[in-house]
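Visitor:
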Amino acid sequence: MKQAEDTTSGLGGAIGVTVAESSTALNVEEHASPPTNQARTGYPKQDGQSLSYWLQQVRSDPLLDHRTTENLPNGADTVIIGSGITGTLAAREHLSIWPDRSVVILEAREFCSGATGRNAGHCKPDQWRGFAKFEKAYGTEQAIKILDNEADTWRALTNYVQEHKVDCDLWIGETLDVPVDDEVAELTKEIFERYKEAGGKVDHIKVTTEPTSAAQISRIKDAKACYAWQASTLQPWKLTAHVMRDNLDKGANLQTYTTATSITRSNEGSGKWTVHTERGDIACENIIHATNAYSAALEPDLKGLITPKPHVCTKVVPPRAVSGSRAIKNSYGVLLPGGALFSINPRSTADGNVMFGGSNPGQQALDEWVDEHPENCVNDGLTDVEGVTQCVQSFIDNNFEGWNQTTYGPGEGIQSSWSGVIGLSIDGVPFVGELPGKPGQWICAGHHGHGMARTFTAAPGLVRLMNGESWDTVGLPRVFEITTARVQKLKGASALKIATV
Ligand SMILES: Cc1cc2nc3c(=O)[nH]c(=O)nc-3n(C[C@H](O)[C@H](O)[C@H](O)COP(=O)(O)OP(=O)(O)OC[C@H]3O[C@@H](n4cnc5c(N)ncnc54)[C@H](O)[C@@H]3O)c2cc1C
1 MKQAEDTTSG LGGAIGVTVA ESSTALNVEE HASPPTNQAR TGYPKQDGQS LSYWLQQVRS
61 DPLLDHRTTE NLPNGADTVI IGSGITGTLA AREHLSIWPD RSVVILEARE FCSGATGRNA
121 GHCKPDQWRG FAKFEKAYGT EQAIKILDNE ADTWRALTNY VQEHKVDCDL WIGETLDVPV
181 DDEVAELTKE IFERYKEAGG KVDHIKVTTE PTSAAQISRI KDAKACYAWQ ASTLQPWKLT
241 AHVMRDNLDK GANLQTYTTA TSITRSNEGS GKWTVHTERG DIACENIIHA TNAYSAALEP
301 DLKGLITPKP HVCTKVVPPR AVSGSRAIKN SYGVLLPGGA LFSINPRSTA DGNVMFGGSN
361 PGQQALDEWV DEHPENCVND GLTDVEGVTQ CVQSFIDNNF EGWNQTTYGP GEGIQSSWSG
421 VIGLSIDGVP FVGELPGKPG QWICAGHHGH GMARTFTAAP GLVRLMNGES WDTVGLPRVF
481 EITTARVQKL KGASALKIAT V
């Protein structure tokens, strides 16, 4: 493993480790095992971030270090902390509801250089896979609601991109979930059948349970089954930048390279807050925490509830044998034994490069290394994590039709990889709403490595809650709400037990 600035000893060559809870893998886009040190947190790392492919593509864009005003305003109606997809969409909704109220967005580093600017570019609504876990944790009605919300979110994102003609390489097509092991195939079948029996919508999902046909459809040699439905890939930085540019046109004030270091009550009883930064303070009525993985650094009450964990994305340039008419035409969730998952996302409407994210089997060794060196919990300066890279190589060599006989020429094959920091939620779903005991402070965070299928409804939903709308009219799953009862219950619970149900 390489990193831009050395912090501690490396990971060595540990590879091929599988994770324990197969039921967890059948949950989210980015399977996320719980860290053992639940209380760890940190502010965004200032130096030595690895550059994601998305950030490499926009190096001359002035939005990266934009400051709308030279000096930080000393007051605002609302301060939004974080310029990822959540903070940017929250600003958009705020400007739409209250065009005359002032909004300042603080970003610790370059615009959108957190998880959004370094993810695997997949907006894949979970349409059945997570059902068993969510049903066990939250009951049938909420479990269905969560999956319906993911479909709504995907539609909201794609509608926005199409309506506003956003240049962000959007692809809409069939995503394939492919178990490559008999036991995993059996489990997926059980979950799918249970979801259907419970009244979940499945008419839009094409199911193939016969392995030979599944292998033909998916082009994955070991496929045991194949589940296909609509999803998208996109360039997430460009989408977020489009929304932010529109926000700036409508009067938002973006201040990059400005870390919010603490928040205090500026006027006891009046509900006003002061956000402190090294460039000065801002007094405000409302604060939106759009800080995801880093939330607990600024709001210590969230320690143990939202925990940062580095994840890796790998960019692969397809060799000639799988380019042109033979290029990969679907995105994938490859479901591996032991709970691991490859999320594979080709950029079919752009350069054809293929992003490998998800919880690659090599991720567990990285997790163990971070547990031993918790200062790395916010390390988005990693590259070429050996175990992760080797698992990607091994998968494409052994499983993808056409790739195994290829001799890679220069510029083909694995080209680069980078880390980003996901915000694990202790109970697997985001925290949305007003922070208990802190009127005027709001949060939308803890997207559990799956924010592209959450934030297009959760972030505007939060702002509508700020405007006095009820949960029912906003339409988000009730279990996303941050309440005193939820916080107390989770703080008193065994993290491992909750996180892996
Ligand atoms: C490698 C990787 C692959 C992923 N792949 C996918 C995928 O394919 N599909 C999917 O759905 N999800 C994926 N995710 C998860 C997804 O990217 C996140 O859930 C989503 O981007 C969260 O958006 P956000 O705006 O809430 O957080 P972020 O994008 O992390 O934004 C938070 C921002 O807040 C800033 N900030 C934090 N603290 C402060 C402070 N004190 N002061 C000022 N600024 C601050 C940060 O610098 C950051 O820019 C992936 C994540 C990673 C890391």
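Position 406 of the sequence shown, counted from 1, bears residue number 406 in the UniProt record's numbering, the numbering being contiguous throughout. The beta carbon of each residue, even a glycine, is placed where N, CA and C say it ideally should be.
1) Taking the beta carbon of K224 as the centre, do at least 16 other beta carbons fall within 10 Å, making it buried, or is it exposed?
2) Using a Cβ distance threshold of 8 Å, determine whether the stretch 120-130 contacts the stretch 227-244, with at least three qualifying pairs required.
3) Say yes only if the C-beta of I306 is nearer than 7 Å to one or more non-hydrogen atoms of ligand 1, and no if none qualify.
4) Between G461 and the rest of its own chain, which residues show a CB-CB distance below 6 Å, the 5 nearest in sequence each way excluded?
5) For the 8 Å Cβ check, are there 3 or more pairs between the stretch 145-153 and the stretch 162-174?
6) Between the C-alpha atoms of K206 and R129, what's the straight-line distance to the nearest angstrom?
7) Throw me the rounded Cβ distance for the S416 and K315 pair, which I believe falls under 8 Å.
8) Give the DSSP-derived three-state secondary structure of I105 in the structure shown.
9) Alpha carbons only, please: which of H204, C226 and D371 is nearest the one belonging to P211?
10) To the nearest angstrom, how far is the alpha carbon of F480 from that of N353?
11) Any heavy atom of ligand 1 within a distance shorter than 7 Å of the CB on I422?
12) Can you give me the C-alpha to C-alpha distance between residue 550 and F111, rounded to a whole angstrom?
13) Considering G387, what are the terminal residues of the alpha helix (DSSP H) in which it resides?
14) Give me the Cα-Cα distance between G82 and T88, rounded to the nearest whole angstrom.
15) Beta strand (DSSP E) containing W418: first to last residue?
16) Would you say T68 and L248 are within 8 Å of each other, going by their C-beta atoms?
17) Return the CA-CA distance between I263 and I482, expressed in angstroms with no decimal places.
18) Taking 7 Å as the cut-off, is the beta-carbon of V312 closer than that to any non-hydrogen atom of ligand 1?
19) What residue does the alpha helix (DSSP H) around A241 start on, and which one ends it?
20) Would you please verify whether the beta carbon of D203 is less than 8 Å from any beta carbon of chain D?
21) What does a CB cutoff of less than 6 Å around A327 pick up in its chain, not counting 5 residues either side in sequence?
22) Verify the contact flag: P460, CB atom, against every heavy atom of ligand 1, threshold strictly below 7 Å.
23) Taking the C-alpha atoms as reference points, what is the distance between G492 and D301?
24) Report the option in T78, A39 and Q49 whose CA atom is closest to the CA atom of N379.
25) Could you name each continuous beta strand (DSSP E) segment of 3 residues or more that falls completely within the stretch 90-155, going from the start of the chain to the end?
26) Within this structure, are the beta carbons of residue 502 and T86 separated by less than 8 Å?
27) Do R109 and P44 have their beta-carbon atoms positioned less than 8 Å apart in this structure?
28) Got a sec, what are the start and stop residues for the alpha helix (DSSP H) D182 sits in?
29) Can you name the start and end residues of the alpha helix (DSSP H) that Y53 belongs to?
30) Compute the beta-carbon to beta-carbon distance between A241 and L465, rounded to the nearest angstrom, for a pair I have assumed lies under 8 Å.
31) Reducing DSSP to helix, strand and coil, say where L254 ends up.
32) Since residue 523 contacts V463 with CB under 8 Å, what's their CB separation in whole angstroms?
33) Under three-state DSSP, which class holds I328?
34) If distances are taken between C-alpha atoms only, which option among W229, V275, P361 and Q255 comes closest to N330?
35) Would you check whether ligand 1 has a heavy atom nearer than 7 Å to the C-beta of P44?
36) For ligand 1, I want to know if G114 counts as a neighbour, meaning its beta carbon is within less than 7 Å of at least one of the ligand's heavy atoms.
Guide: In terms of the structure at hand:
1) buried
2) yes
3) no
4) V474 and L476
5) no
6) 14 Å
7) 5 Å
8) strand
9) C226
10) 35 Å
11) yes
12) As shown, the chain starts at 1 and ends at 501. That puts residue 550 outside it, with no answer to give.
13) E386 to N398
14) 8 Å
15) G413 to S425
16) yes
17) 19 Å
18) yes
19) P236 to D249
20) Any reference to chain D falls outside this structure, which holds one protein chain only.
21) G352
22) no
23) 13 Å
24) Q49
25) 103-106
26) With the chain running from 1 to 501 in the structure shown, residue 502 is simply not present.
27) yes
28) D182 to E197
29) Y53 to Q56
30) Not quite, the Cβ-Cβ distance comes to about 26 Å (not below 8 Å), so this is no contact.
31) strand
32) Absent from the structure is residue 523, since the part of the chain shown begins at 1 and ends at 501.
33) coil
34) W229
35) yes
36) yes
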